[in-house]
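Q: I am attaching a structure below and will ask some questions about it afterwards.
Protein chains: 2
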Amino acid sequence: MELTNKQITVIFKALCDENRVQIFRLLQNGEKCACKLLEAMQCTQPTLSHHMKILCDSGLVNGRKEGKWMYYSISAEGTEAAVNVLRELTKVSESGECCCT
Amino acid sequence: MELTNKQITVIFKALCDENRVQIFRLLQNGEKCACKLLEAMQCTQPTLSHHMKILCDSGLVNGRKEGKWMYYSISAEGTEAAVNVLRELTKVSESGECCCT
DNA sequence: CATACATATCGAAAATTGTCAATATGGTTT
DNA sequence: AAACCATATTGACAATTTTCGATATGTATG
Numbered sequence: 002m003e004l005t006n007k008q009i010t011v012i013f014k015a016l017c018d019e020n021r022v023q024i025f026r027l028l029q030n031g032e033k034c035a036c037k038l039l040e041a042m043q044c045t046q047p048t049l050s051h052h053m054k055i056l057c058d059s060g061l062v063n064g065r066k067e068g069k070w071m072y073y074s075i076s077a078e079g080t081e082a083a084v085n086v087l088r089e090l091t092k093v094s095e096s097g098e099c100c101c102t
Numbered sequence: 002m003e004l005t006n007k008q009i010t011v012i013f014k015a016l017c018d019e020n021r022v023q024i025f026r027l028l029q030n031g032e033k034c035a036c037k038l039l040e041a042m043q044c045t046q047p048t049l050s051h052h053m054k055i056l057c058d059s060g061l062v063n064g065r066k067e068g069k070w071m072y073y074s075i076s077a078e079g080t081e082a083a084v085n086v087l088r089e090l091t092k093v094s095e096s097g098e099c100c101c102t
């Protein structure tokens, strides 16, 4: 599965914002509903909703709807995939000599 | 070594931009000087310089000056640290039950 | 030392992203 | 169905980021 550069940026955009990093911290001890996250965050409900969309799009977070509540949790598959992408992208395949003499 | 949320965002900002992802691809087969990177990229010299600064600040890339040339390479320590941060931040410490009944 | 070259910095414009108030949507309860 | 609640979406504005031309800095070379 080859990801485009664009797709890779989508993954790591999840971690480019302080608020979203904080959301990860909140999700570390298990699934939480949006209302609990909102309580803990210093932002409005629409802003939280926006961040959760970015997190879900990145694949690092899963969303699950139950009645009128929305539950979010860290995705094991997503995070493993992200680690692999990071590894792959920063792997040095010792070969090329460079450059300007 | 505890990183703040802000410091974490600095690391992953490196991978939030398509051009910078492309730069990682170029650095995968070893150290390259700025002029070679510039040849391969579709941007001007000041723009490349800006991206290289962000990459170096993230710790994922090392810069080395030699005469009037600047050589860049992927940092083994930096990338390992980034993987650890990603792992740590997305680790679920099974405990909390949630939430709204 | 004057010129040429590689890269960095500055300042401004364009593009993207984060934020919120207002409102819509979809589910639940009386 | 009407009122209510949780979350999503919209539209506008603020903040940040990307980009580039112009210029500065530092190094090598004639």
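Residue numbers (the working numbering), protein chains in the order written: chain A, 2 to 102; chain B, 2 to 102. Even for Gly, the Cβ is constructed at its ideal location relative to N, Cα and C.
1) Short of 9 Å Cβ to Cβ, which residues in the stretch 43-59 of chain A face chain B?
2) So if DSSP puts residue 1 of chain B in a beta bridge, which residue, or which two residues, is it bridged to?
3) Give a yes or no on whether the minimum CB-CB distance between residue 65 of chain A and chain B is below 8 Å.
4) In this structure, how does DSSP classify residue 36 of chain B when only helix, strand and coil are distinguished?
5) Can you confirm whether residue 41 of chain A, when its beta carbon is compared against all beta carbons of chain B, has any partner nearer than 8 Å?
6) Nearest by alpha-carbon distance to residue 34 of chain B: which of B:43, B:82, B:50 is it?
7) If the criterion is Cβ atoms closer than 8 Å, does the pair residue 18 of chain A and residue 10 of chain B meet it?
8) Within the chosen definition, does the stretch 30-46 of chain B reach the stretch 63-78 of chain B through at least 3 CB pairs nearer than 8 Å?
9) Using 10 angstroms around the beta-carbon of residue 21 of chain A, count the other beta-carbons present and answer buried if the total reaches 16, otherwise exposed.
10) Is residue 91 of chain B near residue 25 of chain A, with beta carbons less than 8 Å apart?
11) Taking beta-carbon pairs under 7 Å, can you tell me which members of the stretch 80-91 of chain A lie near chain B?
12) Does the beta carbon of residue 78 of chain A come closer than 8 Å to any beta carbon on chain B?
13) Could you confirm whether any beta carbon from chain B is found closer than 8 Å to the beta carbon of residue 19 of chain A?
14) Shortest alpha-carbon distance to residue 69 of chain B belongs to which of B:54, B:36, B:81, B:94?
15) Near residue 85 of chain B, which residues of its chain fall below 8 Å by C-beta distance, leaving aside the five closest residues on each side in sequence?
16) Provide the residue span of the alpha helix (DSSP H) that contains residue 11 of chain B, from first to last.
17) Does DSSP classify residue 48 of chain A as helix, strand or coil?
18) Under 9 Å Cβ-Cβ, which residues of chain B neighbour residue 3 of chain A?
19) Looking at C-alpha atoms only, which residue of A:79, A:23, A:87 is the closest neighbour of residue 41 of chain A?
20) Among residues of its own chain, excluding the 5 on either side of residue 65 of chain B, which ones have a beta-carbon nearer than 8 Å to its beta-carbon?
21) Short check: CB of residue 61 of chain B to CB of residue 45 of chain B, under 8 Å?
A: Taking the geometry as given:
1) none
2) Here chain B covers residues 2 to 102 and nothing more, so residue 1 of chain B does not appear.
3) Mapped onto the first sequence, residue 65 of chain A falls at position 64. Answer no: the Cβ-Cβ gap between residue 65 of chain A and chain B never drops below 8 Å.
4) Within the second sequence, numbered from 1, the residue matching residue 36 of chain B stands at position 35. If DSSP states are grouped into helix, strand and coil, residue 36 of chain B belongs with the helices.
5) On the first sequence, residue 41 of chain A is found 40 positions in, with the first residue counted as 1. Cβ-Cβ to chain B under 8 Å: no for residue 41 of chain A.
6) Sequence index remark: in the second sequence, residue 34 of chain B carries index 33 (1-based). It is B:50 whose Cα lies nearest to the Cα of residue 34 of chain B.
7) Here the question's residue 18 of chain A lines up with position 17 in the first sequence. Here the question's residue 10 of chain B lines up with position 9 in the second sequence. Their beta carbons are under 8 Å apart, which means residue 18 of chain A touches residue 10 of chain B by this criterion.
8) yes
9) The sequence position of residue 21 of chain A within the first sequence is 20, counting from 1. Classification of residue 21 of chain A: buried, given that the 10 Å Cβ count is 16 or more.
10) Along the second sequence, one-based indexing puts residue 91 of chain B at 90. Along the first sequence, one-based indexing puts residue 25 of chain A at 24. Yes; because the gap between Cβ atoms is below 8 Å, this pair is in contact.
11) 80, 83, 84, 87, 88, 90, 91
12) Here residue 78 of chain A refers to the residue found at position 77 when the first sequence is read from its first residue. Not closer than 8 Å to any Cβ of chain B, the Cβ of residue 78 of chain A fails to qualify, so no.
13) Start at 1 with the first residue of the first sequence, and residue 19 of chain A comes out as number 18. It does: the Cβ of residue 19 of chain A has a partner Cβ on chain B nearer than 8 Å.
14) To locate residue 69 of chain B, count along the second sequence from 1; it is residue 68. Closest option to residue 69 of chain B, Cα to Cα, is B:36.
15) For the purposes of this step, residue 85 of chain B is taken as residue 84 along the second sequence, with counting starting at 1. So the list is empty, once near-sequence residues are dropped.
16) Numbered from its first residue, the second sequence carries residue 11 of chain B at position 10. Where residue 11 of chain B is concerned, the enclosing alpha helix (DSSP H) stretches over 6-14.
17) What you label residue 48 of chain A is simply residue 47 of the first sequence in a count that begins at 1. Residue 48 of chain A: helix per DSSP, three-state reduction.
18) Here residue 3 of chain A corresponds to residue number 2 of the first sequence, with the count starting at 1. Within 9 Å Cβ-Cβ: nothing; residue 3 of chain A doesn't reach chain B, min ~12 Å.
19) The count along the first sequence starts at 1 and reaches residue 41 of chain A at position 40. When only C-alpha atoms are compared, the closest one is A:23.
20) The residue you call residue 65 of chain B lines up with position 64 of the second sequence. So the list reads 32, 71, 72, 73, 74, once near-sequence residues are dropped.
21) Working through the second sequence from its first residue, we reach residue 61 of chain B at position 60. Working through the second sequence from its first residue, we reach residue 45 of chain B at position 44. No, the pair does not count as a contact, with Cβ atoms beyond the cut-off.
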